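The structure appears below as structure tokens.
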Amino acid sequence: MKVFYSSFLFLLFSASAFSQDLIYTSDGKSVPGKVTAITADKVTYSATGAQAGIELNKVLFVVNASGNYLVLNGAALEEQEKKDFLTAAAKPLPANVIIQKGGDVIAAESVSENDAELVYRQEGKDLRLKKTEAAALFRKNGTHQLYMSSELAVYPLRAAKPKMVSLLTTTASTAATAEPAPAKIVTDVVIKSSDLNVDMEMFSKKALEKTEEFSTYLQTITAVNTSRDKAMKSIDMACGLFLNEEARVEVSSTNSTVKNKYKIRDYLNRLQFRSGQYDKIIIEYAEINYASEFKKGTDGNYYGVVTFVQKFRGFVDGNVVYGDITKRNLTVVLRQYEKVVDGEAIANWDVFLADLGVVETKKL
């Protein structure tokens, strides 16, 4: 299984190593670099160690590495606005932000997408927005995506800016910073098909299928020749397999006894920004089995654990330069949701992935 990165600690770079801004211009291009100054006549930026400039009247808007943006096309900006933008890289967004075509703003705990919709989470509920109604998405991790041409996006971005500032100020002041406590498992309540009117054999199989689907996305994300756009789409699809984006992934290495945990999207983004120290990566898995029956949690969901063994090998010039075998456990969750059919709410069940842990890691 080209799946979970046990040698993940080798691949971590500081955020600044990859931080860059994007300058969207009137000819439809997006120019990467670090914006260093915005004056009355041009935008100055550094790229590959050299300074360059673009005439201000040719710039539509700029987006910095933390996901903050500034519309320059037809806008009269105060010096403080420019200063806030240039120094905002140290202030990541406190929420994921969807900007709609009309300029309305949605702050979301998490966002995933399929071919037609954005699926976002607010106050514990999953909501949907058609992509045709969206202008842009700005994520907490600093990445962003446009759903229309940059020239057309100017108008909703400009209309949304004051709403975004207000909304994010409120979100930042009320956001909880502590890691959420996992749902307590009521160990004496074991799920039975007769209790819930569900096909447990089907959902057990579906959980294993989602585990394998997750591994397929990770194979794409970690492949050396994967484009950034394809990797970002795979990250979105992988996150959509999880109960929410608070799910943690534990990582380990044979060179350290320390185990670190990362939220799922942070983990996947760090994988994408790998050091490139390997020419090829092979990750295989085996022995996928259930370690426990589904048991009820205090949140009303039902929890089970899948265990498996993964083998990681990193190659340089055709030779294995690092390898390990890791035993992992993956929490899977059975959750009920309502689906409206012909005006009637019908209860359905679906299975999601949750926290991914490390039992032990050994050298190959």
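Residue numbers for the sequence shown, in our numbering: 17 to 380. The beta-carbon is built from N, C-alpha and C at its ideal position, and this holds for glycine as well. All values reported here derive from a predicted model rather than from experimental measurement.
| Item | Value |
| --- | --- |
| Tell me the residue span of the alpha helix (DSSP H) that contains A151. | Where A151 is concerned, there is no enclosing alpha helix (DSSP H), although the beta strand (DSSP E) it sits in stretches over 150–154. |
| Just the C-alpha distance for E125 and N335, rounded to the nearest angstrom, thanks. | 43 Å |
| Going by beta-carbon coordinates alone, are I115 and A81 separated by less than 9 Å? | no |
| Per the DSSP calculation, V332 is bridged to which residue(s)? | N335 |
| Kindly examine the ligand GTP and report whether one of its heavy atoms sits closer than 8 Å to the Cβ of H160. | This structure does not include the ligand GTP; it has no bound ligands of any sort. |
| Can you say whether M218 is buried or exposed, counting buried as having 16 or more other CB atoms within 10 angstroms of its CB? | exposed |
| So, using beta-carbon positions, are S128 and G320 closer together than 9 Å? | no |
| Judging by CA-CA distance, which residue of K311, T347, Y318 is the nearest neighbour of F390? | Residue numbering for the chain in the displayed model covers 17 to 380; residue 390 lies beyond these limits and cannot be assessed. |
| Thinking C-beta only, is L109 closer than 9 Å to K147? | no |
| What is the DSSP secondary structure of F310, reduced to helix, strand or coil? | coil |
| Would you kindly report the start and end of the unbroken beta strand (DSSP E) that includes N112? | 112–116 |
| Straight-line CA distance for Q352 to G140? | 13 Å |
| What does the alpha-carbon distance come out to for the pair Q67 and S46? | 17 Å |
| Mind checking who T347 pairs with in its DSSP beta bridge? | V321 |
| What is the DSSP secondary structure of Q161, counted as helix, strand or coil? | strand |
| By how many angstroms is the C-alpha of V181 removed from the C-alpha of V79? | 15 Å |
| In three-state terms, what does DSSP make of Q235? | helix |
| What is the DSSP secondary structure of K45, counted as helix, strand or coil? | coil |
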